[in-house]
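These notes are about the structure you will find just below.
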Amino acid sequence: MNRDTFKILFDDNFEKLRNYIYYRCSDGDVSTDIAQEVFMRVWERQIDKPPAEIIGLLYKIARDILVSHYRHEEVVAKFHTQPPQYDNAPLADEELYYNDLKENYERVLMQMPAAQREVFLMNRNDELTYVEIAERLDLSVKAIEKRMRGALQFLRVKLQRE
Amino acid sequence: MINREKSYTTHTQSEFINSLPKIEINYRMSKEDVWAQMEDAMDRNSLNKEPIVKDEPKIFVLNPLYKRIISVAAMIVIFVGVSATVILEVVKREKRGRNRVEL
């Protein structure tokens, strides 16, 4: 792999890989460090594979590093949500509702199983399709659908109850 | 904005997903900063060089025809050598025997 090909791989995948790590640990600095280490490993080992396989490999290396990083610690994910973009000035009711939802939603995300959460956030935040997520996590599309269904069910039940 | 009148269970899947806020992620380092840092490391370790493709070691491979000729020639030499030794030995013994008879 030459430097230009490597730069293209980096540009196309760095942000999404970093976000994926963030969805698992919710620590921006750790996510950046691990994503950087993943790319350095790929460069140093001069891995020469088809792009689809390399992308899957990036996520696998990231998972392995993340597991060894948190081997002795329990990950407590803590997320913050972005305020919605209002077309006009928000109504007091809307703002109140948003604040209410934000708190509950952030709490429910923390409670959600990690496997479901990463798939849900890759779809919601990064707008990746099920096929793209399946390629990255080396899973079948069926498995992604199942995780997504589980995540949505979890959110619906918990948000209604909160 | 989500319709508050509807309960969460009556939304369609996409309506429901879109009603949820996105996660806010603020990284201290931008992608460009990370790339610059990586480039430094690559330069320091001279990793920026293209992978060196070593020439295949040159192995002397004999032409099969020459190989055959040489092996046949070697067999002939061995055959001639062995026969010559045997003949010489026989001649020597015969000479010795003749000498004895003459005596």
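These protein sequence lines are chains A and B, in that order. One point on numbering: in numbering that gives the first Met the number 0, the residue at position 158 of the first sequence is 157, and numbering is uninterrupted. One point on numbering: in numbering that gives the first Met the number 0, the residue at position 99 of the second sequence is 98, and numbering is uninterrupted. Note that the Cβ used here is the ideal one computed from N, Cα and C, for glycine as well. In this text the structure is predicted, and so the values were computed from the model without any measurement.
Assigned secondary structure, residue i (DSSP; H/G/I helix, E/B strand, else coil)
i, result
"A:Thr31", "helix"
"B:Ile69", "helix"
"B:Ile22", "strand"
"A:Thr80", "strand"
"A:Arg44", "coil"
"B:Thr11", "coil"
"A:Asn124", "coil"
"B:Asn17", "helix"
"B:Met74", "helix"
"A:Asn103", "helix"
"B:Asn44", "coil"
"B:Arg3", "Annotation note: pLDDT 47 at B:Arg3 (below 50); position unreliable, no value reported."
Residues that residue i contacts on chain A, provided the C-beta gap is smaller than 7 Å
i, result
"B:Ala40", "Met39"
Alpha helix (DSSP H) segment containing residue i, residue limits
i, result
"A:Pro50", "50 to 68"
"B:Val60", "Segment: none, B:Val60 is in no alpha helix (DSSP H) and carries neither H nor E."
"B:Lys28", "According to the sequence as given, residue 28 of chain B is Met; it is not Lys. From DSSP, B:Met28 is part of no alpha helix (DSSP H); its letter is neither H nor E."
"A:Asn12", "2 to 24"
"A:Glu184", "With chain A running from 0 to 161 in the structure shown, residue 184 of chain A is simply not present."
"A:Leu136", "129 to 136"
Neighbouring residues, chain B, relative to residue i (Cβ below 7 Å)
i, result
"A:Thr80", "Pro20, Lys21, Ile22, Glu23"
"A:Arg123", "Ile16, Leu19, Lys21"
Residue-chain proximity (residue i, chain B), Cβ-Cβ < 9 Å
i, result
"A:Phe153", "no"
"A:Arg2", "yes"
"A:Thr31", "yes"
"A:Glu117", "no"
"A:Leu57", "no"
"A:Tyr129", "no"
"A:Glu52", "no"
"A:Leu108", "yes"
"A:Lys141", "no"
"A:Lys145", "no"
"A:Lys6", "yes"
Contact list for residue i against chain A, beta-carbon separation under 9 Å
i, result
"B:Phe15", "Leu151, Leu154, Arg155"
"B:Val33", "Phe9, Phe13, Arg17, Thr31, Ala34, Gln35, Phe38"
Listed by chain order, chain B residues near residue i by CB distance under 9 Å
i, result
"A:Lys101", "Pro20"
"A:Gly27", "Ile24, Asn25, Tyr26, Arg27, Met28"
Interface flag, residue i vs chain A, CB-CB below 9 Å
i, result
"B:Asn44", "yes"
Residue i: CB within 8 Å of a non-hydrogen atom of the ligand ATP
i, result
"A:Leu65", "This structure simply doesn't include the ligand ATP, nor any ligand for that matter."
Within chain B, partners of residue i - CB distance below 8 Å
i, result
"A:Asn98", "Result: empty, since nearest Cβ-Cβ is about 11 Å, beyond 8 Å."
Practice task
Answer yes if the region 113 to 129 of chain A comes into contact with the region 22 to 37 of chain A, meaning at least three C-beta pairs across the two stretches below 8 Å, and no otherwise.
Solution key: yes
Exercise for the section: Say whether the region 56 to 68 of chain A touches the region 26 to 35 of chain A, bearing in mind that this needs 3 or more beta-carbon pairs closer than 8 Å, one atom from each stretch. Expected result: yes
Exercise for the section: Determine, using beta-carbon pairs with one atom in the region 4 to 18 of chain A and one in the region 102 to 112 of chain A, whether at least three such pairs fall under 8 Å. Expected result: no
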